[in-house]
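Heads up, the sequence shown is in our numbering, so the first residue is 10 and it goes up one at a time. We put the CB at the ideal spot given by N, CA and C, even for glycine. Treat the numbers as computed from the prediction; the structure is a model and nothing was measured.
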Amino acid sequence: MTKYAVWSFSLSISLLCGASNVAIAAATHVKKQHSSQKTTKASHKAGRHTPTSMSATAEETISVVTHHRPPSAQRRGESILQVSQSQMQALNISRPEDLVKLAPGLTAIPNAGTDVSSFSVRNVGAADFGEQEEQDVGNYQDGVYVANPGATGFPIFDLQTVALNRGPQGTSGGRNANGGTINYISNKPTAGKSANIEGTYGSYNLHRFQGFFNYGNEKVAGRLAFYYSKQGGYIRNLVGANLRSSEVYGLRPQVRFNLTPKDTFTIRLEGFIQDHTTVGDKHVNSYTGSDGLTHLLPGNMNAYGTGPGRDPYGYRSNSNPWSMSVNDPGAINKVIGTIAGTYEHVFVHQIKLTAISSYGTSNTYYREDTDGTTVPAANFHQHSNVNQASTEVTLHHDVGRNRWGVGAYFLNISGAYDFLQGYQDPSTMNPLSVAPTSAFAGLAYSQRTTAGALYAHDEFDILPNLTVVSGLRYNHNDMSYSSYYNCNENLPGACSSFFGAGGANSWSKEPHTNLHQQDNEWNGRIGLNYRIIPNIMLWGLVARNTKAPGFSAPNGGATIAANIPYKRETVYDYEGGIKTRFFHNTLTINADWFYYDFKNFQASIIYGPVASVVNRPATNRGGELDASWRPGYGITISGGVAYANLRVKDVRGGITQYPINAPKYQATANVSKEFKISDEIGMTLTYNMKYTSGRYYNIINAPGLYAPGYIVHDMALRVESKKGWYASVFANNLTDKAYPNAIMDNTGQGFVQYMYAPRRTVGGTIGYKF
């Protein structure tokens, strides 16, 4: 642990304790409030054993909302999508990347060429694999920001709901995010005794066990949620262990203390371990065309003099996406842990103080056989050790005519990182080698980010049906970066050939680099919500939002230190929409549109082994339509469509291009039907579909890096008894669709890497609630 992490964690605890003391002292001057009526044991039991629908309805709300906003999504002037616990259970959603099944406008790249998972909302997101870069989409676990993108692939278990906030989020608390936020809300400790345990078995020897134990009273309650999953690889390796296997452990103990009728303190420990995970990237031969762009190599073209359809190493790709010959299956290992404390105190007039302090640590390792063959042509290793501490203290008032919040946020991130890339020149290929030997380039670097913010937001009802929404935020960022670059070669000129020739100011001449930058910025928002009638609301907003500057981590000998920092990203956001409910709230239809004008958009650019972030102007326009209908007879129909046209300017010779993994169109459809088997037993059948249009996997939109659109189907059948037991069967990717969720360009060495999403997985679950 660095001295910065220790200092920030100590400050976090001090602020939390200080807020607690102030709140308790103030509480002695206000009248006592009546505590809520205790829930009877009978009602607890009935609630546990009543079969519920597998699909979320428009009336579902959440009891805890990150950033202290009113809980009714239908009364908030922004685009929000909530995913219920029942939906996640039905569709076998086990990690955040799986949420794309249910959320139009959300895309994700699991392990995007490294141990990092990247997320985009409305096509705004990060696509680089540097763990030091904070993403445009903020992930929050029970109000705690997950700063390290390598820690985002956590398992999903025992969650109450997941809320997706589309669009820039910058004036309501937490870390400002230009793409949006994903808030994972866990089930909290409650009074009484309850438990759930379930087991799953499925394709590729999938074994999964998860559940929780809850025990407590009105004063003290605890909840222990656990998760374990192991699955063999779904890609056959003809010369070794199968690829894309995984093993994940997860644990979340929580204890809630009701100190007084007005004071609550909850401590949460959360961690997961990912181990025995193999990689498996498909080798697809490519070449550089006369247009200077990457193209897939036709089977009859002899581009490298090694034979038709063969790369410079003489290797010819097979056409089966599920079969490879890889001498090194690679590895993904993660150890992630967080401790967080949340203190809440209610003052007079329902003014509430919330203080959240957290400390987290992550240690990750990634290794891949980059060429995806039996020859030692290319490989990549990456390792990181990151500590983060944060504190947020907020006063907020969420009821009545004027709903407001003021707060302060502090964040410290301290990380040490390194990665190593190796390449082999075809002329010196030794088939007996297990790793490339021509050239190895490595980068060891560290980065520290200290950030602070003050913010205020307000919702004021001018008239019973007209609300003004406003917000203002000040941010301060202080960032330090230190790196050492080195390239070793066994073949003269290999470092220059593979990683670029170094000039007088390049890293290859001055390998030690120390950089620093500070940034002060402000965010603002103003909007109107107008309720035509109680169930129809029009809304619109104008906002200015920012994302902090940062540093790239390119592994190239020609890189100049002055090009490592990238500037603050600023977006001017104009959006509006309509939210409606009809037929006694059985039909919900929400629609919205948006236009973003970016100044210094932080665009990821990848040139073979060298990846960096550059600032470019960009625009984004589009909209979403979400609907949910419960016509009766136990039927629920929901879904949505999303359109986003994000264009980045001045990318390649002044050309406007699409960013990485930015499909224009997405659509989802979910249908469930409940059946009453008997007075004790219910059954639910669920079908889900997700369509994603074509997209490029480099901001230089080359034909060889284009992935066509695809449709994925999922189905599930669940039977549940009031006595507590339940059973289900599921099929994910029902048609066994082969589609890449990432493509990496190594055309300089004669190939590209295709990373295919999981193939069809069929399984069953048995569980019991008591």
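- The C-alpha of Glu227 is placed about 36 Å away from the C-alpha of Lys685.
- For secondary structure counted as the beta strand (DSSP E) over 3 or more consecutive residues, the stretch 514-568 holds these complete runs in sequence order: 521-542, 545-556.
- By alpha-carbon distance to Thr286, the top candidate from Tyr464, Asn120, Asn707 is Asn120.
- Assigned with DSSP and collapsed to three states, Val357 falls in helix.
- With contacts defined as CB atoms closer than 8 Å, Thr275 and Val264 qualify as a contacting pair.
- Under DSSP, Ile775 shares a beta bridge with Gly208, Ala736.
- Ser681: member of the beta strand (DSSP E) spanning 674-685, first to last residue.
- Only residues of its own chain outside the window of five on either side were considered, and among them Arg217, Val257 have a CB closer than 6 Å to the CB of Ser238, listed in chain order.
- DSSP places Gln94 inside the alpha helix (DSSP H), whose first and last residues are 94-99.
- Taken through DSSP and simplified to helix, strand or coil, Phe507 comes out as helix.
- In chain order, Asn336, Asp337, Pro385 place their CB closer than 8 Å to the CB of Val443, counting only its own chain and leaving out the 5 sequence neighbours on each side.
- Boundaries for Met438: no beta strand (DSSP E) harbours it, and the DSSP string shows neither H nor E there.
- Taking the CA atoms as reference points, Thr209 sits about 12 Å from Gly220.
- Sorting Gly159, Ile708, Tyr224, Tyr154 by C-alpha distance to the C-alpha of Asp659 places Ile708 at the top.
- The distance from the Cβ of Ala711 to that of Thr303 is about 4 Å, consistent with a contact at the 8 Å cut-off.
- His593 and Arg639 have their alpha carbons spaced roughly 10 Å apart.
- Arg410 sits exposed, since fewer than 16 C-beta atoms from the chains shown fall within 10 Å of its C-beta.
- Taking Gly648 as reference, the option from Ser366, Asn679, Gly225, Pro672 with the minimal CA-CA separation is Asn679.
- C-alpha of Tyr490 to C-alpha of Ile644: approximately 55 Å in a straight line.
- Taking the Cα positions, Arg577 is about 36 Å away from Ile471.
- Per DSSP, the continuous beta strand (DSSP E) segment holding Gln397 begins and ends at 387-406.
- In the displayed model, Leu302 falls within coil according to three-state DSSP, outside both helix and strand.
- In this structure Gln527 is exposed. Its beta-carbon is surrounded by fewer than 16 other beta-carbon atoms within 10 angstroms.
- Closest in C-alpha terms to Gly424, from the list Thr446, Ala398, Phe449, comes Ala398.
- If you draw a straight line from the Cα of His521 to the Cα of Asn572, it is about 15 Å long.
- Per DSSP, Ala612 is one residue of the beta strand (DSSP E) stretching across 596-616.
- The distance from the Cβ of Tyr674 to that of Tyr652 is about 6 Å, consistent with a contact at the 8 Å cut-off.
- Look at the beta carbons and you see the stretch 555-563 touching the stretch 619-636: at least three pairs across the two are nearer than 8 Å.
- With fewer than 16 other Cβ atoms inside 10 Å of its own Cβ, Thr437 counts as exposed.
- Residue nearest to Glu584 within the set Leu550, Asn554, Arg325 is Leu550 (criterion: CA-CA distance).
- Put simply, the backbone Cα of Gly416 is about 53 Å away from that of Arg245.
- In the displayed model, Val248 falls within coil according to three-state DSSP, outside both helix and strand.
- When Cβ pairs closer than 8 Å are counted between the two stretches, the stretch 354-372 is seen not to touch the stretch 325-333, the count staying below three.
- Ala160 sits in a helix when the DSSP states are folded into three classes.
- Here the C-alpha atom of Leu463 lies approximately 18 Å from the C-alpha atom of Pro558.
- Secondary structure note for Tyr224: its beta strand (DSSP E) is the uninterrupted segment 215-225.
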